[in-house]
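Residue numbers (UniProt numbering): 1 to 91. So the structure is just underneath, and the comments pick up after that.
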Amino acid sequence: MTEEIMALCRAMGATEDQEGLLLPLAQASAQALERRLKPGTSPGLCGPAFPLAAAMLAMDGLERAVGSGRVSSFTAGEVSIRMGERPERAA
1 MTEEIMALCR
11 AMGATEDQEG
21 LLLPLAQASA
31 QALERRLKPG
41 TSPGLCGPAF
51 PLAAAMLAMD
61 GLERAVGSGR
71 VSSFTAGEVS
81 IRMGERPERA
91 A
């Protein structure tokens, strides 16, 4: 399952030089999601949704670790996330 998650991360833009950090992020993401499954449900029963969710979590962790923390655009299938600078708040 980890290789499938890593392949999805690469498809989402992760580079080879990021794999040292990405591998533990992918493993931790899969473990965190697995703990949230209903009793008796395995990751395999979730179909492609499980590795995709784990890859998205891992990529978020990678962005937080090495990126600006401000995603400008992220698309996975029909899901799009765009964030930018936060507007200044009035004092």
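Even for Gly, the Cβ is constructed at its ideal location relative to N, Cα and C. These figures come from a predicted structure and were not determined experimentally.
Query	Result
Please decide whether residue 79 counts as near chain C, where near means a Cβ-Cβ distance under 9 Å.	Within the model displayed, chain C is absent; a lone protein chain is all it includes.
Would you mind listing the beta strand (DSSP E) stretches within the region 30–77 that are 3+ residues and don't spill past its ends, in chain order?	74–76
If we call anything under 9 Å between Cβ atoms a contact, is residue 22 one with residue 1?	no
When you compare the region 10–22 with the region 37–49, are there three or more beta-carbon pairs, one atom per stretch, that lie closer than 8 Å?	no
Residues in the same chain with beta-carbon distance under 7 Å from residue 53, minus the five sequence neighbours each way, listed in chain order, please.	33
Can you give the Cα-Cα distance for residue 97 and residue 49, rounded to whole angstroms?	Only positions 1 to 91 of the chain appear in the structure, and residue 97 is not among them; the question remains open.
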